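Chain order of the listed sequences is A and B. Just so you know, we're using the numbering used here here: the first sequence kicks off at 1 and counts up by one. Just so you know, we're using the numbering used here here: the second sequence kicks off at 1001 and counts up by one. See below for the structure under consideration.
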Amino acid sequence: MKVLLVDDSGVMRKIIARGLNSLWVDEVIEAADGVEALEKFGDGSDFDLVLTDWNMPNMNGLELIQSIRGQGHKLPIMMITTESEKSQVLLAIQAGVNDYLVKPFDQDMLQMKLERVLPNPQNA
Amino acid sequence: MSALCDTFEQTIADAVQASICETFTTMIGQDITLTRQGPLQLSLEDAAARFNQPQAPDGQMTVVVGLSGDLQGSVSVCMHHEAAFEWTKQLIDHETDQIDQTVVDALGELGNMVVGGAKGRIQDCQLRLGLPSVLLTGRNHLAFPTQYSPMELQFEFGDWCVDVFIALVKSTS
């Protein structure tokens, strides 16, 4: 399982990557904004999941999701953000996000959300 | 712009209090405790009395997060650098006895989560967060322009005090 993790905060990337690596994710590729994420995403075939923050410089998470969905990719995308208002969540869903995790979060919350979008293959 | 009414001030203070408690409990599994019930309304005159007094280095750090939209201003979270070290250590296992970029980033993330969480709790307000700024100073070096009526919340985090200053006004346009 390979995840593209997009957040402009190196601290937050470290927290999330550590959490994912302790679960059933084999590899986490990090990007600091949407532009870098699209470069690393390439044709998308390497990745099983995209996790992205909302507010980032250059290209935000919403624009990143729209770009990935605009290219026809169907892989799951989850947003991890402090934006928790209903209107914001609706915007993200309209853009094509599969699930939504609000910061702050703990490891149990991360695992529960991951189960929904990228189930543990050992449980299949 | 107009000063916040008492009820609205309390709503904002409650939102910030709930958010900072959730952030500490959820992210590092440690409680942060309110040390005084209710926000303290700060007097600008008292703050101004500090202007001409020499301010020694206080060993504190502050993360400031600006808000715009229906409310304008900032929320500042101040703590001793030892408390910032402890927050950083518990958040990402980074141990240090010097202020480094990781400590600054971890404090920035604290501000982002606290103010982001408060924003989500303040109903009927369209708000946008700015990027956090981290200052290498604390409460005794903060001053606010006249249009603000800042509030202070005080917390305990382990052996340290954490002070939160809320300086927001409603936008009239």
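Just so you know, even glycine gets a beta-carbon here, dropped at the ideal spot from N, CA and C. Source: prediction; values computed, not measured.
Classification of residue i by the beta-carbon crowding that lies within 10 angstroms, buried from 16 upward
i                       : result
residue 57 of chain A   : exposed
residue 17 of chain A   : buried
residue 45 of chain A   : exposed
residue 26 of chain A   : exposed
residue 79 of chain A   : buried
residue 1138 of chain B : buried
residue 21 of chain A   : exposed
residue 60 of chain A   : buried
residue 1131 of chain B : exposed
residue 13 of chain A   : buried
residue 55 of chain A   : buried
residue 1086 of chain B : buried
residue 8 of chain A    : buried
residue 1076 of chain B : buried
residue 1088 of chain B : buried
residue 1001 of chain B : Because residue 1001 of chain B carries a pLDDT of 42, less than 50, the predicted location of this residue cannot be relied on, and the following value inherits that uncertainty. Per the 10 Å Cβ criterion, exposed.
residue 90 of chain A   : exposed
residue 1057 of chain B : exposed
residue 1105 of chain B : buried
residue 121 of chain A  : exposed
residue 1096 of chain B : exposed
residue 124 of chain A  : exposed
Contacts of residue i in chain A (Cβ-Cβ under 9 Å)
i                       : result
residue 1022 of chain B : 104
residue 1135 of chain B : In chain order: nothing, as chain A lies at least about 18 Å away.
residue 1117 of chain B : 82, 84, 102, 103 and 104
Length of the line joining the Cα atoms of residue i and residue j
i                       : j                       : result
residue 1117 of chain B : residue 1091 of chain B : 17 Å
residue 1165 of chain B : residue 72 of chain A   : 46 Å
residue 77 of chain A   : residue 100 of chain A  : 9 Å
residue 31 of chain A   : residue 1043 of chain B : 45 Å
residue 47 of chain A   : residue 1108 of chain B : 30 Å
residue 106 of chain A  : residue 24 of chain A   : 17 Å
residue 1065 of chain B : residue 1074 of chain B : 5 Å
residue 1004 of chain B : residue 1172 of chain B : Because the pLDDT at residue 1004 of chain B is just 49, under 50, the model does not fix this residue reliably, and the value given afterwards should be weighed accordingly. Cα-Cα distance, rounded: 11 Å.
residue 118 of chain A  : residue 49 of chain A   : 7 Å
residue 1153 of chain B : residue 1163 of chain B : 6 Å
residue 92 of chain A   : residue 28 of chain A   : 23 Å
residue 1111 of chain B : residue 1079 of chain B : 12 Å
residue 98 of chain A   : residue 1032 of chain B : 33 Å
residue 1143 of chain B : residue 1009 of chain B : 19 Å
residue 110 of chain A  : residue 19 of chain A   : 7 Å
residue 102 of chain A  : residue 51 of chain A   : 12 Å
residue 114 of chain A  : residue 33 of chain A   : 21 Å
residue 1036 of chain B : residue 15 of chain A   : 32 Å
Rounded Cβ spacing between residue i and residue j (contact assumed at less than 8 Å)
i                       : j                       : result
residue 1022 of chain B : residue 104 of chain A  : 6 Å
residue 1060 of chain B : residue 1081 of chain B : 7 Å
residue 1067 of chain B : residue 1129 of chain B : 6 Å
residue 1121 of chain B : residue 1013 of chain B : Not really, about 11 Å apart at Cβ, beyond 8 Å.
residue 75 of chain A   : residue 6 of chain A    : Between residue 6 of chain A and residue 75 of chain A the Cβ distance is about 13 Å, and since that is not below 8 Å, they are no contact.
Under 7 Å by beta carbon: chain A residues contacting residue i
i                       : result
residue 1026 of chain B : 104, 105 and 106
residue 1092 of chain B : 11, 14 and 15
residue 1112 of chain B : 82
residue 1106 of chain B : 11
Neighbouring residues, chain A, relative to residue i (Cβ below 8 Å)
i                       : result
residue 1067 of chain B : By Cβ distance, chain A contributes nothing, its closest Cβ being about 12 Å from residue 1067 of chain B, past 8 Å.
residue 1109 of chain B : 9, 11 and 12
Partners in chain B for residue i, counting only beta-carbon separations shorter than 7 Å
i                     : result
residue 85 of chain A : 1120
Under 8 Å from the C-beta of residue i: neighbouring residues of chain B
i                     : result
residue 55 of chain A : 1129
The stretch 1017 to 1031 of chain B contacting the stretch 1099 to 1117 of chain B, beta-carbon criterion three pairs below 8 Å: Yes, since at least three Cβ pairs between the stretch 1017 to 1031 of chain B and the stretch 1099 to 1117 of chain B fall closer than 8 Å, the two stretches touch.
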